[in-house]
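These notes are about the structure you will find just below.
2 protein chains.
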Amino acid sequence: MNSPTFTHVKCGDCPIRHRAVCARCNADELEELDAIKYYRTYEAGQTVIWAGDPMNFVGSVVSGIATLTQTMEDGRTQMVGLLLPSDFVGRPGRDGAAYNVVATSDIVMCCFRKKPFEEVMARTPHIAHRLLEMTLDELDAAREWMLVLGRKTAREKIASLLAIIARRDASLSQGGPQAAMIFDLPLTREAMADYLGLTLETVSRQMSALKRDGVIQLQGKRHVTIPDMVRLMDEAGDDSDGGMLM
Amino acid sequence: MNSPTFTHVKCGDCPIRHRAVCARCNADELEELDAIKYYRTYEAGQTVIWAGDPMNFVGSVVSGIATLTQTMEDGRTQMVGLLLPSDFVGRPGRDGAAYNVVATSDIVMCCFRKKPFEEVMARTPHIAHRLLEMTLDELDAAREWMLVLGRKTAREKIASLLAIIARRDASLSQGGPQAAMIFDLPLTREAMADYLGLTLETVSRQMSALKRDGVIQLQGKRHVTIPDMVRLMDEAGDDSDGGMLM
DNA sequence: GATCCCAATTGATCTGGGTCAAGGATAGAG
DNA sequence: CTCTATCCTTGACCCAGATCAATTGGGATC
Numbered sequence: 070m071n072s073p074t075f076t077h078v079k080c081g082d083c084p085i086r087h088r089a090v091c092a093r094c095n096a097d098e099l100e101e102l103d104a105i106k107y108y109r110t111y112e113a114g115q116t117v118i119w120a121g122d123p124m125n126f127v128g129s130v131v132s133g134i135a136t137l138t139q140t141m142e143d144g145r146t147q148m149v150g151l152l153l154p155s156d157f158v159g160r161p162g163r164d165g166a167a168y169n170v171v172a173t174s175d176i177v178m179c180c181f182r183k184k185p186f187e188e189v190m191a192r193t194p195h196i197a198h199r200l201l202e203m204t205l206d207e208l209d210a211a212r213e214w215m216l217v218l219g220r221k222t223a224r225e226k227i228a229s230l231l232a233i234i235a236r237r238d239a240s241l242s243q244g245g246p247q248a249a250m251i252f253d254l255p256l257t258r259e260a261m262a263d264y265l266g267l268t269l270e271t272v273s274r275q276m277s278a279l280k281r282d283g284v285i286q287l288q289g290k291r292h293v294t295i296p297d298m299v300r301l302m303d304e305a306g307d308d309s310d311g312g313m314l315m
Numbered sequence: 070m071n072s073p074t075f076t077h078v079k080c081g082d083c084p085i086r087h088r089a090v091c092a093r094c095n096a097d098e099l100e101e102l103d104a105i106k107y108y109r110t111y112e113a114g115q116t117v118i119w120a121g122d123p124m125n126f127v128g129s130v131v132s133g134i135a136t137l138t139q140t141m142e143d144g145r146t147q148m149v150g151l152l153l154p155s156d157f158v159g160r161p162g163r164d165g166a167a168y169n170v171v172a173t174s175d176i177v178m179c180c181f182r183k184k185p186f187e188e189v190m191a192r193t194p195h196i197a198h199r200l201l202e203m204t205l206d207e208l209d210a211a212r213e214w215m216l217v218l219g220r221k222t223a224r225e226k227i228a229s230l231l232a233i234i235a236r237r238d239a240s241l242s243q244g245g246p247q248a249a250m251i252f253d254l255p256l257t258r259e260a261m262a263d264y265l266g267l268t269l270e271t272v273s274r275q276m277s278a279l280k281r282d283g284v285i286q287l288q289g290k291r292h293v294t295i296p297d298m299v300r301l302m303d304e305a306g307d308d309s310d311g312g313m314l315m
């Protein structure tokens with residue numbers, strides 16, 4: 070429960086401007102936000118914040134990947150969210166963190182102290198609108214994940230996760246929709262298991278099965294090639310509208 | 070996919086004023102909202118809206134209970150939310166419904182057509198703030214449910230559901246914290262199963278087991294007495310802070 | 001290139017919850 | 001008071017995924 074160390078970094082431009090809270094801010098508002106923003110970096114494996122601990126900032130991920138997890142006393146853990154670049158963490162108007170936030174890779178975060186941020190938010194209505202939209206997106210994602218957790222088989226779960234990672238990866242690197250998708254898994258087998266409500270052994274077995282069946286190709290343990298995205302979506306049990314709009 | 074019939078009802082006072090979007094509105098703003106609000110009623114079993122269909126209103130539940138569900142092509146369904154009185158449905162700024170909304174009991178909803186509501190929202194900043202807060206609460210609830218779905222046993226799942234229903238029931242009827250809680254289950258065994266990612270047989274068996282073990286008492290099929298709330302929380306695997314703050 | 005270490009794979013076995021099937025309890029209709 | 005429909009319970013059996021237990025592999029360090 071000790072608060073993690075972090076490093077301050079010189080401010081510069083950051084993705085938050087383009088993708089997250091400030092999407093509709095004008096120059097003055099951006100300046101106001103710039104004035105109170107600062108950067109933090111965490112190393113892979115570091116815990117950014119423990120569930121229940123006071124959290125005096127909000128912010129978004131600039132680079133790297135972090136996870137939101139919940140844990141029961143006996144150690145069972147469930148990942149409840151994946152933070153990719155441009156994702157926002159922290160709840161304005163509430164003190165305690167709701168989840169454990171863990172850096173999966175080295176990460177850089179663009180942060181705002183909570184108090185000043187709330188003040189800016191109070192006089193800048195479209196920030197609340199933007200946060201509302203982002204939160205609704207997260208809620209939709211969480212609910213879609215409830216279907217995965219509650220009703221899908223292990224194979225379908227793995228395919229669903231791969232589909233989500235592939236889509237988000239594609240939207241970040243903004244290469245148009247292509248037939249084959251190639252990316253590095255940002256998660257260990259154990260982290261995948263925690264996301265999917267499975268054990269790491271089952272994850273490993275199903276990854277091998279998908280590879281054997283030609284749904285995916287693996288170079289090494291993490292590098293994945295998906296020759297046919299439609300096939301993958303089908304394995305995931307989604308209506309394969311191929312709709313890349315998430 | 071046909072749009073359901075509904076009945077317009079005379080306007081009057083409704084809980085939305087006190088609990089949901091208008092919590093911080095002044096008299097003028099309330100009047101503005103009253104001017105565009107109207108009521109709809111649905112009978113038990115009726116589908117309020119199908120996932121994907123256009124949804125030209127937002128609103129909150131005044132009385133009765135409805136569910137949000139997602140369905141796969143082969144019929145597997147997962148409930149992703151429970152709408153109790155004062156809960157809000159619908160996404161300002163988006164056309165299609167994301168989920169099936171089904172009336173579990175007869176319900177009355179207080180609705181606003183989407184366009185006018187968005188206009189009021191645009192010039193009434195604290196409505197967006199309030200919606201943001203409500204959405205964040207829902208997101209927390211959804212994520213808590215991910216832990217239930219992904220990592221809890223059937224018995225723990227049932228206990229978790231009973232605990233949630235008991236708490237919400239208590240907060241609605243606002244009787245202070247008492248030792249024993251008594252309420253009617255608003256869901257069939259099948260609906261419980263869809264919420265918990267189980268089959269109805271397993272729900273039934275676990276309900277019987279909890280009854281046999283004295284964790285709950287059952288009069289008839291739906292009427293539940295919980296003699297010891299702490300015991301129930303313990304069965305649910307929650308840290309039993311007994312914190313009634315949800 | 002040898003060694004170490006941790007992530008990942010694979011195998012053998014077990015079990016919680018699913019599936020299939022056969023009653024039982026209520027409530028409303030006539 | 002019986003009929004019928006719906007919801008619920010209970011039993012017998014089975015299987016997907018968990019658990020326990022070795023190995024394997026590949027990247028970093030020397």
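Heads up: the protein sequence lines correspond to chains A and B, in order.
Sequential numbering of the first sequence, starting at 70, is according to this note's numbering.
Sequential numbering of the second sequence, starting at 70, is according to this note's numbering.
From the three backbone atoms N, C-alpha and C, an ideal C-beta is built for every residue, glycine too.
On a predicted model such as this, the values are computed, not experimentally measured, just so you know.
Terminal residues of the alpha helix (DSSP H) in which residue i lies
i, result
"B:S277", "269 to 281"
"B:A113", "Segment: none, B:A113 is in no alpha helix (DSSP H) and carries neither H nor E."
"A:A197", "194 to 220"
"B:Y168", "First-last for B:Y168: undefined, no H or E at that position."
"B:L265", "258 to 265"
Residue i, enclosing beta strand (DSSP E) - first and last residue
i, result
"B:V130", "126 to 132"
"A:T173", "A:T173 -> no beta strand (DSSP E), and no H or E assigned at all."
Under 8 Å by beta carbon: chain B residues contacting residue i
i, result
"A:A167", "D209, R212"
"A:Q139", "R212, E213, M215, L216"
Test: residue i CB closer than 8 Å to a CB of chain B
i, result
"A:T204", "yes"
"A:E142", "yes"
"A:G128", "no"
"A:P185", "no"
"A:P123", "no"
"A:G114", "no"
"A:L301", "no"
"A:P194", "yes"
Residue-chain proximity (residue i, chain A), Cβ-Cβ < 8 Å
i, result
"B:G306", "yes"
"B:G150", "yes"
"B:A120", "no"
"B:L201", "yes"
"B:P73", "A caution first: B:P73 carries a pLDDT of 41, below 50, which makes its placement in the model too unreliable to give a value."
"B:R224", "no"
"B:G312", "Low confidence applies to B:G312: its pLDDT is 46, below 50, so where it sits in the model is not reliable, and the reading given next is rough at best. It does not; no Cβ of chain A falls within 8 Å."
"B:P255", "no"
"B:G159", "no"
"B:A197", "yes"
"B:G283", "no"
"B:I227", "no"
Residue i: contacting residues in chain B (beta-carbon distance under 7 Å)
i, result
"A:G289", "Within 7 Å Cβ-Cβ: nothing; A:G289 doesn't reach chain B, min ~28 Å."
Distance between beta carbons of residue j and residue i, contact taken as under 8 Å
i, j, result
"B:S273", "B:R258", "5 Å"
"A:A223", "A:Q286", "Not a contact, Cβ separation roughly 20 Å."
"B:T136", "B:M124", "Contact doesn't hold; Cβ gap of about 16 Å is too wide."
"A:P194", "B:A197", "7 Å"
"A:A260", "A:M250", "Wrong, their Cβ atoms sit about 20 Å apart, outside the cutoff."
"B:V117", "B:V171", "7 Å"
Amino acids of chain A, ordered along the chain, whose beta-carbon sits closer than 9 Å to that of residue i
i, result
"B:R145", "L216, G219, R220, K221, G306"
For residue i, the residue or residues it bridges with in DSSP
i, result
"A:Q147", "A:Q139"
"B:T294", "B:I251, B:Q286"
"B:P185", "Per DSSP, none; premise fails for B:P185."
"A:G159", "Answer is none; A:G159 lacks a bridge partner."
"B:P154", "Paired residues: none, contrary to the question."
"A:K106", "A:F181"
"B:I118", "B:V170"
Residues that residue i contacts on chain A, provided the C-beta gap is smaller than 8 Å
i, result
"B:G133", "Simply none; closest approach about 21 Å."
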